[in-house]
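So the protein sequences, as listed, match chains L and B.
Using the UniProt record's numbering, count along the first sequence one by one with no gaps and you end on 476.
Using the UniProt record's numbering, count along the second sequence one by one with no gaps and you end on 476.
These notes concern the structure reproduced below.
There are 2 protein chains.
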Amino acid sequence: MSSLPNSIMNDSMKPDYSTAIADLKIRFGQQLSTNTAVCEQHGHTMTWLANQPPDAVLTVQDKHDVAAAVEICNQHHMPVIAFGIGSSLEGQLNAPFGGLCIDMHAMDAILQVNNEDLTVTVQPGVTREQLNHYLRDTGLFFPIDPGANASIGGMVATRASGTNAVRYGTMKDVVLALEVVTANGDIVRTGTRAKKSAAGYDLTRLMIGSEGTLGIVTEITLKLFGISECIGSGICHFPTIEDACQAVMLTIQMCLPIARIELLDALQIKACNQYDNLSLTETPTLFVEFHGTEASVQEQAQIFTEIIEEFGGKDFSWDTNEAERKRLWQARHNAYHASSALRPKASALSTDACVPISRLAECVSETAKDIEASGMIGPIVGHVGDGNFHVLLLVDTDNPTEIATAEDIIGRLAKRAIEMDGTCTGEHGIGQGKQKYMQQEHGNALVLMQAIKAALDPNNILNPGKIWPHPISASA
Amino acid sequence: MSSLPNSIMNDSMKPDYSTAIADLKIRFGQQLSTNTAVCEQHGHTMTWLANQPPDAVLTVQDKHDVAAAVEICNQHHMPVIAFGIGSSLEGQLNAPFGGLCIDMHAMDAILQVNNEDLTVTVQPGVTREQLNHYLRDTGLFFPIDPGANASIGGMVATRASGTNAVRYGTMKDVVLALEVVTANGDIVRTGTRAKKSAAGYDLTRLMIGSEGTLGIVTEITLKLFGISECIGSGICHFPTIEDACQAVMLTIQMCLPIARIELLDALQIKACNQYDNLSLTETPTLFVEFHGTEASVQEQAQIFTEIIEEFGGKDFSWDTNEAERKRLWQARHNAYHASSALRPKASALSTDACVPISRLAECVSETAKDIEASGMIGPIVGHVGDGNFHVLLLVDTDNPTEIATAEDIIGRLAKRAIEMDGTCTGEHGIGQGKQKYMQQEHGNALVLMQAIKAALDPNNILNPGKIWPHPISASA
């Protein structure tokens, strides 16, 4: 068959993988499950996209399990989808063509911490919170913090980032090397523990963000960072979104080494006040964090105070005491749940976009107006130091009209961001949900991406139907 | 013909590209030269490798020239090599199979500075010094500084870095997006001006460091940085290489935001004393630079003083005055010429390697001993904050025995670095000179690199014979 949109393949059209599954059963026994509930759970998606379960779920113990499974699947041209903890947001884990889900959760060993080099090597099932808990006595930490307690493997796959990215970068910046199982079941290493290299193609960065379509990550070597001697947190309020964005822009331009700078719009603050019983001023608000020595944090806070005063920023309260810092950031941490509570029976669809910071105010304002005009509820929260922001649309997913309205808003946001020389997603990835914007964003660069995909996965078994719709061979 | 090592192809074996050159002449007229001297100049290499000139040199004015030339070359299966200013160090610009050299020097426009976003878009022929001169009144700068005044296009091709990389990263970190002419002459864009994206494969990072083997870069969008309010520079001396490296390691571990930290070994200091008529203590020496506010620079220098005292560091003199800073760094800036003067009639062969910082002292010390045992002269200078260092071997290139000895030293250094979980090159690239170490460093990941090469350049016209020896079709 030729290319099929994900959603229109029904069960009768799916290839029959029973021979492949029988082979996998011989090799893996009880590690393999074809239980319907288990399969549905692994096709689970945190979007409005329909659940598309795999035919079987394999719990792997080590890289050799992964290699053997991929080799069998490749022989049978059976799709393979790696699963971390299931927190991806754009349908990355759905199995539109069926196939095998490889559940990595049991590969959760922290293999080696190198304190002297500030590196750690982990298996892909390790979660970010698990890693930081493990590191708690070393003075080091791993800064990348997407909202969910995601697995490191999943974070590699989607090129994840989060609130610390403005200072510490994204997964693209903190991964030194990967071990990857390729489409034919080979195990390859994509780098070393050296901080930099000019030896050949950057396979590490190619794998990061490829959403499991080029290989399955079985080991990750990460950079770590020292926990600062002093951390200062604060919040301040602005008359308008534009004022808040202007303050962010100047902060970045002045190269203030700010560790976090998050924007919550007035609606989000209102939601937080209701949810946490707070009394924050319901205007656009910045949450910030400074890392450094005590003197440096003090100085950063002073400079930041001067910056925000230029743009009508008010009531800047900040503190270095941990309990007080936590209290100040409480609203930001609970933003997702607070938003959801604005419409308790609705689903919260999270989308994101990223633009050059000079276009941020315009992009956020236009998006807010668009949401308001649609009649939907959609608070905005942003990692605005990077020009990246999220809209959380509260949608009754039983109502097709609402889903269509939400999709339209997301589509207009993607188009708006791309037209501002930005991207349709800063950190959530493409999966199934954002394929329709790839052509506009990348134009003929898509040809290169697809040539790479075909070269590294000639049988198209690695997470097919993600990033772009894929033809898949019917001959299992 | 099948794979041929670069050096054994003689003129009689080269394909005849006269038809292709005639087609290029029709399209480009006086822009195309087949003058022998011009061709030899463009095959120039700063290594011991023999000069392998192209068959013709084309001076391009814009991306459309590049696209048209590549399209013609692709039709004729004629090799294409892009040329910036010719400062690469591993034979990246040689034409082992002949072909067309595309000289990019006239594509030297700075297209757009976005002060608000700290970005700039340039053509590939712009040099790093030209860019910083252009930016001089903006308060912004471009930090990547390989020794030579390289072209930005060439710096993309080799994944260049330099003394500022410890704080500002390498080309991999500061390039936001590229425009690239692909092997069939298409013009594609690999990214946007957004600071981050999770939309599809990271073609930008794939192109960076690919040494012109996957595409020819015609436009580069770079991150810029604010020039710090205050810059402090200093030097200090250590009893041993190990002591100096230990001090570097602790500096990095403490996350001191040091902007530069360079090691010169005792022999290099001796060379500098002779060359610049200085009287520096002839022991391993660190040159450092701090960027920040005045208070922050003061604090960094204070912390650094405490660090070096732990490891016997002495006579730490530092200053924020520009003239005094320049005087302090004079020895570092002249290191290359000072080394060369140790043996005036010899050629200076520069090689580099990079290891995890915990292995740096061991790697540098073993390398110094190896050089000493060989009887060669080879001062060591390093961007040691990244675990990256250079050896400058002073070789009589008319003496085959000396070349062999130098190659052996470089080979042992590459092996040593790789065995320490490092890389055979931190910033010079592979070109022709380091192909022999690719297998040891990458193992079966080479298969992936070569599959990507074959997918994006099926006729193998883009800088063939670089990174690895290549088969090339004889049918022009």
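Every residue gets a Cβ at the ideal spot worked out from N, C-alpha and C, and that includes glycine.
All figures in this text were calculated on a predicted structure; none of them were measured in a lab.
- Item | alpha helix (DSSP H) runs contained entirely in the region 261 to 319 of chain B, provided each spans 4 or more residues | 266 to 276 and 294 to 310
- Message: I want to verify the contact list: residues of chain L whose CB lies under 9 Å from the CB of Ser-210/B, in sequence order.
- Response: Using a Cβ-Cβ cut-off of 9 Å, Ser-210/B is close to Gly-200, Tyr-201 and Asp-202 of chain L, given in chain order.
- Item | Helix, strand or coil at Asp-23/B according to DSSP, with G and I counted as helix | Helix, per DSSP.
- Message: Run through chain L and tell me which residues come within less than 8 Å of Cys-354/B, C-beta to C-beta.
- Response: Ala-194, Lys-195, Lys-196 and Ser-197
- Message: According to DSSP, His-390/B sits in a beta bridge with which residue or residues?
- Response: Looking at the DSSP output, His-390/B sits in a beta bridge with Asp-352/B and Val-381/B.
- Query: In whole angstroms, what separates the C-alpha of Asp-457/B from that of Lys-172/L?
  - Reply: So the two alpha carbons sit approximately 26 Å from each other.
- Message: Can you confirm whether Thr-45/L, when its beta carbon is compared against all beta carbons of chain B, has any partner nearer than 8 Å?
- Response: no
- Message: Would Leu-206/B pass as an interface residue toward chain L - the criterion being a Cβ-Cβ separation below 8 Å?
- Response: yes
- Task: Could you tell me which uninterrupted alpha helix (DSSP H) segments, each at least 4 residues in length, are contained entirely in the region 396 to 435 of chain B, listed from first to last along the chain?
- Result: Here the runs fully enclosed are 400 to 419.
- Cβ distance (whole Å) where Gly-383/L is taken to contact Gly-313/L below 8 Å: In the sequence on display, residue 383/L carries His and not Gly. In fact, because the Cβ distance is near 18 Å, the residues do not count as touching under 8 Å.
- With distances taken between CB atoms, is the gap from Ser-233/L to Val-288/L smaller than 8 Å? yes
- Item | DSSP state of Gln-61/B mapped onto helix, strand, coil | coil
- Cβ of Gly-422/L within 8 Å of any chain B Cβ: yes
- Message: I want to know whether the region 108 to 123 of chain B touches the region 73 to 86 of chain B - three or more CB-CB distances under 8 Å.
- Response: No: the two stretches stay apart, fewer than three of their Cβ pairs being nearer than 8 Å.
- Task: Drop a sphere of 10 angstroms on the beta-carbon of Ile-261/B, count the other beta-carbons inside from all chains shown, and report buried for 16 or more, exposed for fewer.
- Result: Here Ile-261/B is buried. Its C-beta has 16 or more other C-beta atoms within 10 Å.
- Residues of the region 362 to 389 of chain B whose Cβ lies closer than 7 Å to any Cβ of chain L, in chain order: Within the region 362 to 389 of chain B, Asp-386, Gly-387 and Asn-388 place their CB atoms closer than 7 Å to a CB of chain L, listed in sequence order.
- Query: Taking any Cβ of chain L, which residues in the region 289 to 309 of chain B have a Cβ under 7 Å from it, in chain order?
  - Reply: Thr-293, Ala-295, Ser-296 and Glu-299
- Could you tell me whether the Cβ atoms of Leu-58/B and Leu-100/B are closer together than 8 Å? yes
- State yes or no: is the C-beta of Glu-427/L within less than 8 Å of the C-beta of Lys-196/B? yes
- Message: Any beta carbon of chain L sitting closer than 8 Å to that of Ser-3/B?
- Response: Low confidence applies to Ser-3/B: its pLDDT is 34, below 50, so where it sits in the model is not reliable, and the reading given next is rough at best. Ser-3/B does not count as touching chain L.
- Measure from the C-beta of Ala-445/B to each C-beta in chain L and report whether the shortest distance is under 8 Å. yes
- Message: Output needed in chain order: residues of the region 225 to 237 of chain B with a Cβ under 8 Å from some Cβ in chain L.
- Response: Phe-225, Gly-226 and Ser-228
- In the structure shown, what three-state DSSP assignment does Pro-464/L receive? coil
- Message: Let me see if you follow: with CB-CB separation under 8 Å, is Ile-102/L close to chain B or not?
- Response: no
- Message: Please tell me whether Val-355/B and Ala-417/B are closer than 8 Å, where the distance is taken between their beta carbons.
- Response: The criterion of a C-beta distance shorter than 8 Å is satisfied by Val-355/B and Ala-417/B.
- Cβ of Gln-298/L within 8 Å of Cβ of Gly-226/B? No, the pair does not count as a contact, with Cβ atoms beyond the cut-off.
- Have a look at Asn-334/L and Val-391/L and give me their C-alpha separation to the nearest angstrom. 15 Å
- Message: Below 9 Å on C-beta distance, what does Thr-190/L contact in chain B?
- Response: His-442, Ala-445 and Leu-448
- Message: Less than 8 Å between CB atoms is the rule here; does Leu-118/B satisfy it with respect to chain L?
- Response: yes
- Message: With a threshold of 6 Å on Cβ separation, who are the neighbours of Cys-245/L within its own chain once the five nearest residues in sequence on each side are excluded?
- Response: Leu-360 and Ala-361
- Message: For a test of the three-state rule: what should DSSP assign to Val-188/L, helix, strand or coil?
- Response: strand
- Message: Can you confirm whether Asp-186/L, when its beta carbon is compared against all beta carbons of chain B, has any partner nearer than 8 Å?
- Response: yes
- Task: Decide yes or no for the touch test of the region 149 to 161 of chain B against the region 336 to 347 of chain L: beta carbon pairs closer than 8 Å, at least 3 of them.
- Result: Taking 8 Å as the limit for Cβ pairs, the verdict is that the region 336 to 347 of chain L does not touch the region 149 to 161 of chain B.
- Task: Check the Cβ-Cβ distances between Cys-255/B and every residue of chain D, and say whether any is below 8 Å.
- Result: Reference to chain D is not applicable here, since the protein chains of this structure are L and B.
- Since Ser-233/B sits in a beta bridge, which residues does DSSP pair it with? Glu-289/B and Asp-319/B
- So which of Ile-208/B, Gln-450/B, Ala-406/B and Gly-185/B has the shortest CA-CA distance to Ile-371/B? Ala-406/B
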